[in-house]
Each structure stands twice: as C-alpha cells, then as structure tokens.
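K.L.:
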Amino acid sequence: MATLTYVYADSTAVLGPLAQHAEPHCYDLCEDHANRMSVPRGWSVLHIDRSSTEVPMDHNDLYALASAVKEAKEAPELSPEGALERSGSGEPIAPTSADGPRRGHLRILPPKG
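Okay, here's the thing in structure tokens:
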C-alpha cells in the first residue's frame, strides 16, 4: 500500500507510505498500482521507502469496520412502497439483479506473501 501525492507547481509526484490522515490531492494505492504508477512527461517521481515505515495494523479499526458493515447489513431496507418483501418464513428476500443475488462488497483479504 502507498499514498500518492502531487504538486502541480513543481510537476512532482510523491509515492510514499500509506498516509495516516486524509489529505486533499492524495490517493491511496494498492501495491500493484503503486509499483506500476507512471507520471506525465516532464514530471518527476519521488519514491519514499515504504518498507521501513510500515504501520502496525490496529485491530480496533478492523473490528469497527466489520461492526459497521454488519449493522448496515442487518438494518431494514425500505422498498419504494416502504415495506420489505418477505419469504414464507418471514425473512427478508435479498434483492436480485441480472447477475444473481446481491452480495456485500467488502471483504478481508489475506496478506500477500
């Protein structure tokens, strides 16, 4: 993981460790995109060593995210008529699309390596 920042006035892009705070004009990149990143002609790239600045993962943040996703999943969704469609057992019916039933889009991925 890396954070990309840039300064138009200097035509410089900085690729460094993952930022701890949200900043304007910063983009968090996965390892693959950080390694393949290129800049426009005439720009320079400043690479800051990301391996020595690894921040330990805070499990509280991960649990807070998991709890928020779980709460959102369990919260009743209102249909346009204000009621959920229910199956014969009284359980809400998951919305479907042409691609099949809707699934949550957040997942925990195992670390590379």
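Here the sequence shown stands for residues 10 to 122, where the numbers follow our numbering.
For each residue, glycine too, the CB sits at the ideal point set by N, CA and C.
#1: Taking buried to mean at least 16 other C-beta atoms within 10 Å of its own C-beta, is L71 buried or exposed?
#2: Per DSSP, which residues does A11 bridge with? Please list them.
#3: Quick check on the burial criterion: 16 or more other C-beta atoms within 10 angstroms. Buried or exposed for A77?
#4: Determine the contact status of T12 and C35, defining contact as a CB-CB distance below 8 Å.
#5: Buried or exposed for L118, please, with buried defined as at least 16 other CB atoms from any protein chain shown within 10 angstroms of its CB.
#6: May I ask you to report which of helix, strand or coil DSSP gives A31?
#7: Taking 7 Å as the limit between beta carbons, can you name the residues of its chain near G25, skipping five residues before and five after?
#8: Under three-state DSSP, which class holds A84?
#9: If you drop the 5 nearest sequence neighbours on each side, which residues of the same chain put their C-beta closer than 7 Å to that of M46?
#10: If K121 and E32 are in contact, beta carbons under 8 Å, what's the gap, nearest whole angstrom?
#11: Could you check what DSSP says for Y23 in three-state terms: helix, strand or coil?
P.N.:
Based on what the coordinates show:
#1: Its Cβ having fewer than 16 others within 10 Å, L71 is exposed.
#2: In the DSSP assignment, the residues bridged to A11 are L38.
#3: Its Cβ having fewer than 16 others within 10 Å, A77 is exposed.
#4: Yes, these two residues count as a Cβ contact at 8 Å.
#5: L118 is exposed by the Cβ-count criterion.
#6: Three-state DSSP puts A31 in coil, outside helix and strand.
#7: Correct list, in chain order: A11, T12, I57, R59.
#8: In this structure, A84 counts as coil in the three-state DSSP scheme.
#9: Closer than 7 Å at the Cβ level, and outside the excluded window around M46, lie L13, L24, L38.
#10: Not confirmed; about 26 Å, so no contact.
#11: The sequence shown places Val at residue 23, not Tyr. In the structure shown, V23 sits in a strand (DSSP, three-state: E or B).
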